[in-house]
Amino acid sequence: MQCREHFDFTGLNDVLSSRCKEWLRTCTVKSEMYGAIAMLHLGLQAEEDNKMGFRVSYFDFALEHVTAAMKQVEKDKRESLKEAVIFLNDVILGKQRNAKKENDFIYHDRMPKSEELAAIEGVNMVKAVGFDPTDKSISGPDLFAALLPGNVLKSLSV
Numbered sequence: 001m002q003c004r005e006h007f008d009f010t011g012l013n014d015v016l017s018s019r020c021k022e023w024l025r026t027c028t029v030k031s032e033m034y035g036a037i038a039m040l041h042l043g044l045q046a047e048e049d050n051k052m053g054f055r056v057s058y059f060d061f062a063l064e065h066v067t068a069a070m071k072q073v074e075k076d077k078r079e080s081l082k083e084a085v086i087f088l089n090d091v092i093l094g095k096q097r098n099a100k101k102e103n104d105f106i107y108h109d110r111m112p113k114s115e116e117l118a119a120i121e122g123v124n125m126v127k128a129v130g131f132d133p134t135d136k137s138i139s140g141p142d143l144f145a146a147l148l149p150g151n152v153l154k155s156l157s158v
């Protein structure tokens with residue numbers, strides 16, 4: 001989503017080529033799909049924790065993500081992407097309807113609003129390792145040491 005927001009904010013959207021617009025649409029669709037899948041799994045986790053109201057809310061939120069992806073994918077030419085979004089929509093819609101019926105007839109749990117649901121935070125999976133590029137154990141011997149004679153190197157270093 002940050003990619004899409006950046007292009008919308010900077011006003012570059014009107015000067016982009018069709019290839020860039022297609023790439024931007026693909027990024028938006030995939031972002032919405034991953035958001036929907038994340039909300040689907042949070043709903044399944046809420047089901048395991050017997051929080052049936054949260055389950056319905058997570059599935060509703062997943063359905064919002066899929067709906068946004070469906071709007072974007074309508075303009076796309078690739079059938080495989082359309083089929084993936086439609087399949088995801090069918091799965092989430094089935095889970096959402098079932099959860100809503102169960103909550104209405106059996107559990108009667110309160111369904112929290114989307115603002116009350118836990119936000120998913122990004123996780124840094126890689127830790128950067130610092131190093132000194134001039135260290136001889138890392139960079140090895142100087143590759144260009146033999147190019148210039150020793151007396152020229154001495155005169156240049158003074």
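Residue numbers for the sequence shown follow UniProt numbering, so the first one is 1 and each next one is one higher. Where is the CB? At the ideal position from N, CA and C, for every residue including glycine. These numbers come from a predicted model, not from an experiment.
Asked: C-alpha gap between LEU88 and LYS136, whole angstroms; Found: 54 Å
Asked: Reference VAL85, options PRO133, THR26 and ARG97, closest by Cα; Found: THR26
Asked: For HIS108, the nearest candidate out of GLN45, ARG55, LEU42 and HIS41 (CA to CA); Found: ARG55
Asked: Three-way DSSP call (helix, strand, coil) for LEU147 in this model; Found: coil
Asked: Inside the UniProt domain "BRO1" (1 to 158) only - alpha helix (DSSP H) runs reaching at least 4 residues; Found: 2 to 10, 18 to 48, 52 to 73, 79 to 102, 136 to 139 and 150 to 157
Asked: Whole-angstrom C-beta distance between VAL66 and residue 240, which should lie under 8 Å; Found: Limits of the chain in this structure are 1 at one end and 158 at the other, which puts residue 240 out of reach.
Asked: Cβ-Cβ distance between PRO112 and SER57 below 7 Å; Found: yes
Asked: Own chain residues within Cβ distance below 6 Å of VAL29, not counting five before or after; Found: ALA69, GLN72 and VAL73
Asked: Span separating the alpha-carbon of LEU42 from that of ASN103; Found: 17 Å
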